[in-house]
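Working notes, beginning with the structure itself.
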């Protein structure tokens, strides 16, 4: 299989190609495999079009120029969200008003279904997503994000007077800390803790672009303690900040199916840096923990408190957890393994 020589159109998350969905997925693969592509235009004819979820799905789900193959990178769990969810009901309208969609389709669930039906292959990130997509496209592949930019590895597992917790992600995902806010409030009364958050310092509250807000303001409203430090995400500095901390957190909202069905990417990022990590026990996290031989996936707030206190108090088990997690991530989430997953994905549509 070779994509070289084909005219490939790519619909990016952002034309700067700096968004995680661009950098950590097809763009990285294309650079490593020497594949040329251009930004896709619906008026042009291509051999292959790669559609991200930021694309105008109302247009690309009806693209039939020439013999073009369509591949759809669908990394979120929108199909698992109930069809009459209050956010879902207005999502299609919001995308139309904002200009992301050319055509008004109020039923956004139906829009995604149509995109999956048009696609010759769909890439997703969890087994649960795959099962939701299969009724609409029989050619579905699991492909996680590339994580080689997180290259600093933790060596010293001793903790100082203040125990440093860390989290990394987009600002809107900070909302997931509602799941463990009482846990952190309890812990701060018994231990000197600090929370370090590597994220964007400003974000759009609507459609990711509009009604800009400072992340600091949101964080101070959410938490009831002061030892919180925010850092602007930077590829060269991110892993240095994270690996200097003692333990990572990945909470998810158990009441939000979209949040709860997220993949284990963030957990694997921390593990690649050798960082012990406590997570919510969603399906993806639970599978990864079982594979690594660890029990750090928490099902309720009492479980979070018990697990965090266990690791706060014991340097030896923090080191063991960090090393087990890193060994698992290196074996099952190396760059070469993910590149081969992309090879298989594209081979399924281009012979």
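Residue numbers (this note's numbering): 1233 to 1583.
Where a beta carbon is used, it is the ideal one built from N, C-alpha and C, also for glycine.
Considering just the uninterrupted stretch of the alpha helix (DSSP H) at residue i, what are its terminal residues?
i	result
residue 1669	A query on residue 1669 cannot be resolved here, the shown segment of the chain reaching from 1233 to 1583 and no further.
residue 1534	1533-1544
residue 1551	1547-1564
Looking only at its own chain, which residues have a Cβ that is under 7 Å from the Cβ of residue i, when we skip the five neighbours before and after it?
i	result
residue 1513	1529, 1530, 1531
residue 1338	1324, 1325
residue 1576	1373
residue 1472	1384
residue 1261	1571, 1574
Do we get a CB-CB distance below 8 Å when we pair residue i with the residues of chain B?
i	result
residue 1312	As a matter of chain content, chain B is missing from the structure shown, which is built from one protein chain.
Compute the beta-carbon to beta-carbon distance between residue i and residue j, rounded to the nearest angstrom, for a pair I have assumed lies under 8 Å.
i	j	result
residue 1400	residue 1430	4 Å
residue 1355	residue 1375	5 Å
residue 1181	residue 1517	The structure shown does not extend to residue 1181, since the chain is modelled only from 1233 to 1583, so the question has no answer here.
residue 1256	residue 1377	4 Å
residue 1300	residue 1280	7 Å
residue 1479	residue 1416	Not a contact, Cβ separation roughly 12 Å.
residue 1293	residue 1381	That pair is no contact at about 32 Å.
residue 1360	residue 1493	5 Å
residue 1395	residue 1240	That pair is no contact at about 48 Å.
residue 1510	residue 1469	Incorrect: roughly 24 Å between the Cβ atoms, too far for contact.
residue 1554	residue 1506	4 Å
residue 1485	residue 1411	5 Å
Go ahead and pull the three-state DSSP assignment for residue i.
i	result
residue 1206	Any property of residue 1206 remains undetermined from this structure, which presents the chain solely from 1233 to 1583.
residue 1519	helix
residue 1240	strand
residue 1235	coil
residue 1494	coil
residue 1302	strand
residue 1507	coil
residue 1499	helix
residue 1524	helix
residue 1480	strand
residue 1583	coil
residue 1513	coil
Given residue i, which residues of its chain have a CB within under 8 Å of its CB, disregarding the five upstream and five downstream residues?
i	result
residue 1446	1433, 1434
residue 1341	1310, 1311, 1313, 1315, 1320
residue 1393	1424
Who are the near neighbours of residue i in its chain, counting only those whose CB is closer than 6 Å to its CB and skipping five residues on each side?
i	result
residue 1258	1282
residue 1403	1431, 1432, 1435, 1447
residue 1244	1254
residue 1550	1389, 1508, 1543
Mind checking which residues open and close the beta strand (DSSP E) that includes residue i?
i	result
residue 1579	It is not in any beta strand (DSSP E) - residue 1579 instead sits in the alpha helix (DSSP H) that spans 1567-1579.
residue 1462	1460-1464
residue 1451	No beta strand (DSSP E) contains residue 1451, which is instead part of the alpha helix (DSSP H) from 1447-1454.
>> As an exercise, report each continuous alpha helix (DSSP H) stretch of at least 4 residues that is fully enclosed by the stretch 1242-1300, in chain order.
In response: If you keep only unbroken alpha helix (DSSP H) runs of at least 4 residues inside the stretch 1242-1300, you get 1252-1255, 1258-1265, 1289-1292.
>> Quick check on the DSSP output: what are the complete beta strand (DSSP E) runs of length 3 or more inside the stretch 1311-1389, in order along the chain?
In response: If only complete runs of 3 or more residues are kept, the stretch 1311-1389 shows the beta strand (DSSP E) at 1353-1356, 1372-1374, in order along the chain.
>> As an exercise, report each continuous alpha helix (DSSP H) stretch of at least 4 residues that is fully enclosed by the stretch 1385-1436, in chain order.
In response: Complete alpha helix (DSSP H) runs here, min 4: 1413-1422.
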